[in-house]
Amino acid sequence: KDLDYVVAYDNNLNAGTASVTIFPANDGFAGSKTAHFNIAKGSTSFKAKASKKQVKVSALKKKKRTVTIKVSELSKGSSKVRFTIKKVTNKQKAKVTVGNKSGKVTIKKKTKKCVIYVKVTSKENQNRKAKSKTVKITVK
574 KDLDYVVAYD NNLNAGTASV TIFPANDGFA GSKTAHFNIA KGSTSFKAKA
624 SKKQVKVSAL KKKKRTVTIK VSELSKGSSK VRFTIKKVTN KQKAKVTVGN
674 KSGKVTIKKK TKKCVIYVKV TSKENQNRKA KSKTVKITVK
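Numbering (the numbering used here), first residue to last: 574 to 713.
Right, dumping it as C-alpha cells:
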C-alpha cells in the first residue's frame, strides 16, 4: 500500500561484487537503477594458548609429555584452525610433534632444554582473511 518503489539485492551474502536494484512498484513510474558494490572479506580473530607454558626437563627423563594448544573466540565463518611446528631451538625438532587438527604437542622423553614455537593458522576462505598466531612452550 502506498509503495512507490521496490529494492532488490543480488549476491549480497558473501564477499565479492554485489548489486542493488531499485525499480517501480506500480505503473505510475518507469525505469530502474542498478548499482554494484564490493563486499570485502572480514578479518579473522581468535585466541590461542598452551595448557602449559613450561615443561621441565626432569619430567621428560622417563616419559613423554603432552601440551594442548587451546583456541577460543574464533570468528564466526572462519576456517578451522590447523597447527604446525614453526620452530624448535637447540636442535630438538625431531623430538617434538603436533597434531595438525588437535593441537596436541607431544614432547618425547629425553628432550633437552629448548623453546617450541607452534603456529596456529586459520586459512583464508570465501568470506574471511587468513590469520596466524604463534604459541611458545619452553622446555627447561
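For each residue, glycine too, the CB sits at the ideal point set by N, CA and C.
- Nearest candidate by alpha-carbon position, reference N700, set L633, T641, G615 and V669: Between N700 and the set L633, T641, G615 and V669, the nearest pair of CA atoms involves G615.
- Counting only the same chain and skipping the five closest in sequence on each side, list residues whose C-beta sits under 6 Å from that of N584. Result list for N584: A591, in chain order.
- Item | Pairwise C-alpha distance: K704 and F602 | Between F602 and K704, the C-alpha separation is close to 49 Å.
- Message: Given this structure, state the Cα-to-Cα distance separating K674 from G604, to the nearest angstrom.
- Response: Each residue's alpha carbon lies about 54 Å from the other.
- Message: Let me check understanding here. Comparing Cα to Cα, which of N663, S651, N587 and D575 lies closest to D600?
- Response: Cα-wise, what sits closest to D600 is D575.
- Message: If I measure Cβ to Cβ from A581 and keep anything under 6 Å in the same chain, skipping five residues before and after, which residues do I get?
- Response: The answer, listed in chain order, is T594.
- Message: Taking the beta strand (DSSP E) that D583 belongs to, which residues open and close that run?
- Response: Counting along the chain, the unbroken beta strand (DSSP E) around D583 starts and ends at Y578 to D583.
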